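In my numbering, the protein residues as written are 13 to 377. Virtual Cβ for every residue (Gly too), placed ideally from N, Cα, C. Given the structure is predicted, the values throughout are model-derived calculations rather than measurements.
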Amino acid sequence: MSEKPTGTYYGDYLELPTLLDSQHPKSKALGNEAHEETLFIIVHQVYELWFKQIIHEFNSVLDIFSTENIPENFIATAVSRMERVIKIQGLLLDQLPVMETMSPMDFLEFRDLLVPASGFQSVQFREIEVRMGLKTNERKSVDRDYFLGRLNKTDKEHILAVEKDDSLIDLLQSWLERMPFTKQADFNFWGEYEGVIEKMISKDEAIMKKNSSSMPQMVREANAANLEATRKTFKSLFDEGLHDQLRKKGKRTLSQRATLNALFILLYRDEPILQLPYRFLTSLMDIDENFTTWRYRHALMAQRMLGTKIGTGGSSGHHYLKMAAENNRVYEDIFNLSTFLIPRTELPKLPKELKRMLSFYFIND
Ligand code: HEM
13 MSEKPTGTYY GDYLELPTLL DSQHPKSKAL GNEAHEETLF IIVHQVYELW
63 FKQIIHEFNS VLDIFSTENI PENFIATAVS RMERVIKIQG LLLDQLPVME
113 TMSPMDFLEF RDLLVPASGF QSVQFREIEV RMGLKTNERK SVDRDYFLGR
163 LNKTDKEHIL AVEKDDSLID LLQSWLERMP FTKQADFNFW GEYEGVIEKM
213 ISKDEAIMKK NSSSMPQMVR EANAANLEAT RKTFKSLFDE GLHDQLRKKG
263 KRTLSQRATL NALFILLYRD EPILQLPYRF LTSLMDIDEN FTTWRYRHAL
313 MAQRMLGTKI GTGGSSGHHY LKMAAENNRV YEDIFNLSTF LIPRTELPKL
363 PKELKRMLSF YFIND
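Right, here's the structure in full:
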């Protein structure tokens, strides 16, 4: 009998000898092993493997969105891959409590041996951010040179090269801008929608006026200010100049046309053709929300481990991480579209031809 079974061998296929020989605690090398350092290494390695898978999924979605006319079944593939990323993010969150089984004092046994290394230098994490659309020079809580200066030459060059590619937000914008449905010759959808909004605001105004005599002046003033703010917000949606001003101030990311078309998808998500685009937009929000949640949870973990001590990478630690969680959202524009949603019953009725375009067909040829 041969010593080794023939054909593909489990350990060879998965390259387990390499994988399982990749944990080398520094404390052990120095002759005084800190038991928890192995956990620390393995948790980080597992994260990096999942980051690799996320990049793999994102790259395939980016490929799909790089085409001018994306076939419907390709959108279905893109949605299923984004939904996979969302499930993986669930695992990323669930790993934090495993890390937290290490106490702050256990961590102190080997923490100083790590300086100046830090998750700050996770080049795959940075690639995920950049592929999603977070540009290195748009990071609000950290100076770009400091940020890039933490990476070695190869990693820095890699991130700068990734940044030259179109990101998911760039391709999302082009795709939304190409969407044809709101540009029908005989139907001015946005004119109709604006009319509905004006009616809704005027109705609120009338109610406010009717009740104003029974209200304290402070409440009256607050209500009037609120109504004015709502009017202004809606105006910024329809006024391209105003929209562009908000973009310049960093308050909006997508172009006005892309924003309007994304809103159309959300408003008419029940129409067959818009169901997959709706799921795609939803997946972007889920991914943004999950990364933000992870950032907050990771910031809390850092505080639990370090208190107010600085990080091994030299940042202010918990404070820096909290700021990064608050300032590095990528798809906030899509979240904020909820401001412009209206009850289904108030939606402008779509003309027959447009309804037909938004339906599925069974072609029997
Ligand atoms: C004991 C556990 C951990 C502590 C105390 C900790 C602490 C920190 C601190 C203080 C920073 C800020 C940079 C610095 O000054 O070093 C940081 C950044 C980071 N850490 Fe951790 N970390 C821990 C575990 C992890 C794990 C398991 C991961 C998973 C990959 C991770 C990923 C990251 C990433 C990606 C950043 C950069 C975040 C950004 O700049 O937005 N960390 N960490």
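Inset, instruction - Could you please give the first and the last residue of the uninterrupted alpha helix (DSSP H) stretch that includes ARG259? - result: Walking along the sequence shown from the start, residue 259 turns up at place 247. Per DSSP, ARG259 belongs to the alpha helix (DSSP H) from 252-260.
Legend entry - Whole alpha helix (DSSP H) elements within the stretch 181-230, 4-residue minimum: 201-223
Inset, instruction - Using the Cα positions of ARG368 and TYR332, report the straight-line distance between them to the nearest angstrom. - result: The residue labelled residue 368 in the question sits at position 356 within the sequence shown. The residue labelled residue 332 in the question sits at position 320 within the sequence shown. Taking the straight line joining both Cα atoms gives about 52 angstroms.
Legend entry - Alpha-carbon spacing of LYS211 relative to GLU358, whole angstroms: For this step, residue 211 is matched to residue 199 along the sequence shown. For this step, residue 358 is matched to residue 346 along the sequence shown. Taking the straight line from one Cα to the other gives about 10 angstroms.
Inset, instruction - Measuring alpha carbon to alpha carbon, tell me which of TYR59, GLY329, TYR280, ILE67 ends up nearest ILE140. - result: Numbered from 1 along the sequence shown, position 128 holds the residue referred to as residue 140. Comparing Cα-Cα distances from ILE140 to each of TYR59, GLY329, TYR280, ILE67, the minimum goes to ILE67.
Inset, instruction - Report, in whole angstroms, the separation of the C-beta atoms of GLU112 and ARG316, which I expect to be a contact under 8 angstroms. - result: As a first step, residue 112 must be located in the sequence shown, where it is residue number 100. As a first step, residue 316 must be located in the sequence shown, where it is residue number 304. Rounded, the Cβ-Cβ distance is 7 angstroms, consistent with contact.
Legend entry - VAL342: CB within 7 angstroms of a non-hydrogen atom of ligand 1: The residue given as residue 342 occupies position 330 in the sequence shown. VAL342 Cβ: outside cutoff for every heavy atom of ligand 1.
Inset, instruction - Decide if MET383 is buried, meaning its Cβ has at least 16 other Cβ atoms within 10 Å, or exposed. - result: Lying outside 13 to 377, the shown extent of the chain, residue 383 is not represented and no answer is given.
Legend entry - Beta-carbon gap between SER39 and PHE159 smaller than 8 angstroms: As a working mapping, residue 39 is identified with position 27 in the sequence shown. As a working mapping, residue 159 is identified with position 147 in the sequence shown. Their beta carbons are not under 8 angstroms apart, which means SER39 does not touch PHE159 by this criterion.
Legend entry - Burial state of ASN223, where buried means 16 or more other Cβ atoms lie within 10 Å: Position 211 of the sequence shown holds residue 223. Exposed, since its Cβ has fewer than 16 Cβ neighbours within 10 Å.
Legend entry - Three-state class that DSSP yields for PRO289 in the structure shown: Sequence index remark: in the sequence shown, residue 289 carries index 277 (1-based). It is helical.
Inset, instruction - Report the residue from LEU180, GLU15, TYR59 whose alpha carbon sits nearest the alpha carbon of ASN71. - result: Sequence index remark: in the sequence shown, residue 71 carries index 59 (1-based). Answer by Cα proximity: LEU180.
Inset, instruction - Measure the Cβ-Cβ separation of TYR290 and LEU278 and say whether it is below 8 angstroms. - result: In the sequence shown, the residue the question calls residue 290 occupies position 278. In the sequence shown, the residue the question calls residue 278 occupies position 266. Contact flag set, yes.
Inset, instruction - State yes or no: is the C-beta of GLY326 nearer than 7 angstroms to some heavy atom of ligand 1? - result: Translated into the one-based positions of the sequence shown, residue 326 becomes position 314. Indeed, a heavy atom of ligand 1 lies less than 7 angstroms from the Cβ.
Legend entry - Rounded separation between GLU45 and THR351 - CA only: Looking up residue 45 in the sequence shown gives position 33. Looking up residue 351 in the sequence shown gives position 339. Roughly 55 angstroms separates the two Cα atoms.
Legend entry - Backbone secondary structure at PRO116 - three-state DSSP: Here residue 116 corresponds to residue number 104 of the sequence shown, with the count starting at 1. In the structure shown, PRO116 sits in a helix (DSSP, three-state: H, G or I).
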